[in-house]
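One structure is given here, and the rest of the page talks about it.
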Amino acid sequence: MRNPFRKLASREVWFRLLAIDSWIDSTLFEAGQGAGDYYERFVASMRRFRFTGFPRVLAEVASESVTLGTAGALVLLAFALPAFDSIRSDWLARDDYAVTFLDRYGNEIGRRGVLQDDLVSLDELPDHLIEAVLATEDRRFFTHFGIDFVGTFRAIIENAKAGGVVQGGSSITQQLAKNLFLSNERTLQRKIKEAYLALWLEANLTKREILKLYLDRAYMGGGTFGVTAAAQFYFGKEVQDLDLAESAMIAGLFKAPTKFAPHINLPAARARANDVLTNLVDAGYMAEGQVVSARRNPATPVERAQVASPDYFLDWAFEEAKRLAPGPDKVLVARTSIDMRMQRAAEAAVESSLRERGDALRVKQAALVAMDVDGAVRAMVGGRDYGTSTFNRATNALRQPGSSFKPFVYATAMENGWTPDSVIVDAPISIGNWSPQNYGRRYAGRVTLRQALARSINTVPVRLSTTFGRQPVADMAARLGIASPVRVTRSLPLGTSEVTVLDMATAYSAFANGGYRVQPHGILEITTPAGDVVYDAAKEPKPKKVLDDKVELEMVDMLHTVVQAGTGRRARLQGINAAGKTGTTQGYRDAWFIGFTGNYSCAVWFGNDDFSPTKELTGGSLPAETWHKFMRVAHAYADIAPLPGLAPPTEPREEQAIASGGSGDGMRDLAATRLAPATVDTLDRLGGAFKQAGAAA
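At position 421 of the sequence shown the residue is numbered 421 (our numbering), and the sequence of numbers has no breaks.
So, in structure tokens, the structure goes:
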């Protein structure tokens, strides 16, 4: 029988659970009662702040404004956040290059990029210049915190009255934020970013630092940035030397530098400067009597001399400078390899050829590249007129080289055991359904390779390529310096893979320099304005030998024959060994002559931008003649380097014959080395007039 007095464990658990439940209920009741009492007391206390009527409306508006303002600020901040990515890096570093180019002798020949100078301190700037900028752009600059609400409101009123935008509301800090971090797009999102970045600038820089950056980084027209560069560009003087009228004209550029640039629209620039002088008086910086002289004697910019610059070369060298100097220094001085005497001769040769025979031959464009046999570019003509077309046909136009590509086939043959005196059959040949033909559809039968190259026979290089393949030919072209992709096709031996003029001048230089592949370059040294060397071409790796001596000598011998007795006879230089190859493409769309001496490699191309056919223009005519015009001037009075394997000529050099009373054409070409092309043209016209007058007499 069970013990009736034993402890019931399960009942004890239930009792404890009931106790806990009772405690929770009582606690919740007491908490709710306390909260209710607190709420009653809170409501009773808030009754004293109850508004009715108009005060209630104001209170509601204020409450909603705070709510909406907070939400709006958060939304605007979300829009502005991407703009802060630009300040995580070195945001003071310049992104734009400003490069001053010198010729090989150290003479300035042009500039590319922005023109900027921030080496003058704020204390050195004229007071009237700073005051003119503040009076015109931001009169409360030293009192606001980055955003000038008063100025913005005033601008809104003035613009509303005028029915258009006549006054800007952005502070100097906001304008600086835009100049440093943002684009010029006119969008609400940009204005939001501009405002937040202005606040950031104010928090991280002093007012003087902000003002200095603004004066240094604002675009001032004419490719210049900052007041110091603008003073040099427009007035040819240091910014410290600007008078009041000049300072007013520069201060007026901040609003619309292109519209008010004095070298473009002087009347508009002077009218704007007059407004700036009025702003100086209205802002209290000066009295009317102090600005009267500047009003009566407005500033006059300097005449910008139209110095002929090698523009095509400068465009190419500018890209090279950016590649060679990728560091933080963006304001640079680059000493180039160009020789302005040779450059003028190249321009004169191209222009005279096109002027005299371009219409008759239906050819409108030409390009020329001349370089030392070590790859240093001495002259570059990228087209007939840079002002009409800035497209550089010397470096960017891909054109078929035609027969001027054949030396790469013959060089490959020399490497495969053939010699210049090896005999091959010139006869019809077919590869599949392709049957290349010779010019005139004539065939010579058995010929040596030297004869085949001199006559520019088509079947021979095609037949040669069938013995060792076309890929080795493509490899040879790339090895010698063809940087453009070489397409391996059946017609590759006849030059159907497009190349640039620079490619061809580079590749042919290997025949003249002992078989070395050179890197074409236009820059010898890059320094900062302070003189620190950023790049030195002398420290570049030495060229790599890519042709065996035997092959190189054989190619020089064969290409010399082309000039002496082949299709390139019109390129022959008196008293100077020259070698080269003509090139003409199908339909007479491209005509080439590429040749070299011991001093220079030079490539000349003629054609039309739209690939339209010329009137039977061949490489042995106008291109070879132009090459001859240029090269005889390029070598004038120079020390002639020998070509490998060739004996020096016994005949006198051309300038010696000229000095002894030789051709007048030679004198004209020599004059072109020291005179601008336009001057030479003027002299030509005068000479023609005198001749006509003499004949009439």
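Beta carbons are placed, not taken as given, at the ideal position from N, Cα and C, and that holds for glycine. Quantities reported herein were computed from a predicted structural model and do not represent experimental measurements.
Could you tell me which of the options sits nearest to residue i, measuring between CA atoms?
i      : options                        : result
Gly568 : Ala454, Lys629, Met555         : Ala454
Tyr386 : Thr228, Leu617, Arg270, Leu314 : Leu314
Ser509 : Arg487, Leu480, Thr500         : Leu480
Ile338 : Tyr637, Arg487, Gly417, Tyr105 : Tyr105
Phe596 : Gly566, Thr489, Asp590, Val556 : Val556
Asn265 : Ala294, Gly113, Gly445, Gly222 : Gly222
Ala317 : Leu553, Ile523, Thr489         : Ile523
Gly607 : Leu122, Asp37, Ala294, Arg399  : Arg399
Tyr97  : Leu119, Ala44, Pro301, Val331  : Val331
Gln564 : Asn458, Pro649, Arg341, Ala35  : Pro649
Ala637 : Glu625, Val462, Pro652         : Looking at the sequence provided, one finds Tyr at residue 637 rather than Ala. Nearest option by C-alpha distance: Pro652.
Glu554 : Leu205, Phe511, His635, Ala366 : Phe511
Ser612 : Glu246, Gln365, Tyr312         : Gln365
Gly113 : Ser491, Glu320, Ala31          : Glu320
Thr591 : Val562, Ala245, Met342, Gly402 : For the sequence presented, residue 591 should be read as Ala rather than Thr. It is Gly402 whose Cα lies nearest to the Cα of Ala591.
Ser171 : Thr258, Asp148, Leu180, Asp639 : Asp148
Asp311 : Thr388, Asp243, Gln290         : Thr388
Arg270 : Tyr38, Val291, Gln290, Ala299  : Ala299
Between which two residues does the alpha helix (DSSP H) holding residue i run?
i      : result
Arg341 : 340-361
Ile576 : Element bounds for Ile576: n/a, residue is neither H nor E.
Leu559 : 549-565
Ile130 : 127-137
Ser293 : 288-296
Arg208 : 207-217
Taking residue i as part of the beta strand (DSSP E), name the residues at either end of that continuous run.
i      : result
Phe593 : 590-596
Leu502 : It is not in any beta strand (DSSP E) - Leu502 instead sits in the alpha helix (DSSP H) that spans 501-512.
Ala370 : 365-372
Trp418 : Looking at the DSSP string, Trp418 is not in any beta strand (DSSP E), and its letter there is neither H nor E.
Thr100 : 98-102
Asp426 : 423-426
Ile526 : 523-527
Glu601 : Per the sequence presented here, residue 601 reads as Ser, with Glu not at that position. Taken as a continuous stretch (DSSP letters only), the beta strand (DSSP E) holding Ser601 covers 600-607.
Thr336 : 331-336
Met220 : Per DSSP, Met220 belongs to no beta strand (DSSP E) and is neither H nor E.
Can the beta-carbon of residue i be found less than 9 angstroms from the beta-carbon of residue j?
i      : j      : result
Leu368 : Trp605 : yes
Gly495 : Phe405 : yes
Ser601 : Val460 : no
Glu137 : Gln175 : yes
Met380 : Ala394 : yes
Val425 : Arg442 : no
Thr466 : Ile482 : no
Ala135 : Tyr285 : yes
Sorted by chain position, which residues of the same chain lie with C-beta nearer than 6 angstroms to residue i's C-beta, five sequence neighbours on each side aside?
i      : result
Ile250 : Val227, Ala230
Leu102 : Glu108, Arg335
Phe15  : none
Val333 : Thr100, Thr527
Lys207 : Phe142
Phe5   : With a pLDDT of 49 at Phe5, under the threshold of 50, the modelled position of this residue cannot be trusted; read the value that follows with caution. Cβ within range, chain order: n/a, list empty.
Gln519 : Gly375
Thr698 : Given a span of 1 to 697 for the chain in the structure shown, any question on residue 698 remains unanswerable.
Ile20  : none
Pro472 : Thr412
Can you list, in chain order, the residues of its chain whose CB lies under 8 angstroms from that of residue i, leaving out five sequence neighbours each side?
i      : result
His560 : Asn577, Ala578, Ala579, Leu643, Leu646
Phe391 : Gly382, Gly383, Ala397, Asp609
His628 : Arg570, Ala571, Arg572, Leu573
Ala287 : Val281
Asn438 : Asp426, Ile457, Asn458, Thr459
Asn179 : Tyr214, Arg217, Ala218, Tyr219
If you drop the 5 nearest sequence neighbours on each side, which residues of the same chain put their C-beta closer than 7 angstroms to that of residue i?
i      : result
Leu17  : none
Ala80  : Only weak support is given to the placement of Ala80: the predicted model assigns it a pLDDT of 45, under 50, and the value that follows is read from those uncertain coordinates. Closer than 7 angstroms at Cβ, skipping near neighbours: Ile192, Lys193, Tyr196.
Thr448 : Pro420, Asp421, Ser422, Val423
Trp418 : Leu449
Ala672 : Since pLDDT at Ala672 reaches only 48, below the 50 mark, its modelled position is unreliable, and the value read off the structure follows with that caveat. Excluding sequence neighbours, Ala672 sits near Arg344, Ala345, Ala348, Val633, Val680.
Lys545 : Gly515, Tyr516
Gln306 : Note that Gln306 scores 48 on pLDDT, short of 50, meaning its location in the model is unreliable and no value can be drawn from it.
Val486 : Ala474, Ala477, Ala478, Ser497
Please find out if some non-hydrogen atom of the ligand SAH comes closer than 8 angstroms to the beta-carbon of residue i.
i      : result
Ala483 : Inclusion of the ligand SAH in the displayed structure is not the case, the ligand content being empty and no account of it being possible.
Does the count of Cβ pairs from the segment 346-353 and the segment 572-588 closer than 8 angstroms reach three?
no
Segment contact, 8 angstroms Cβ cut-off, at least three pairs: the segment 252-260 with the segment 208-221
Inter-segment contact for the segment 252-260 and the segment 208-221 is present: three or more beta-carbon pairs are separated by less than 8 angstroms.
Evaluate contact between the segment 489-506 and the segment 350-362, counting only Cβ atoms and requiring at least three cross-stretch pairs below 8 angstroms.
no
Taking 8 angstroms as the threshold, find out whether the segment 618-628 comes into contact with the segment 526-546 through three or more Cβ pairs.
no
Give a yes or no on contact between the segment 509-527 and the segment 416-433, applying the rule of three or more CB pairs nearer than 8 angstroms.
Because the criterion of three Cβ pairs below 8 angstroms is not met, the segment 509-527 and the segment 416-433 do not touch.
Do three or more CB pairs link the segment 125-134 to the segment 274-289 at distances below 8 angstroms?
yes
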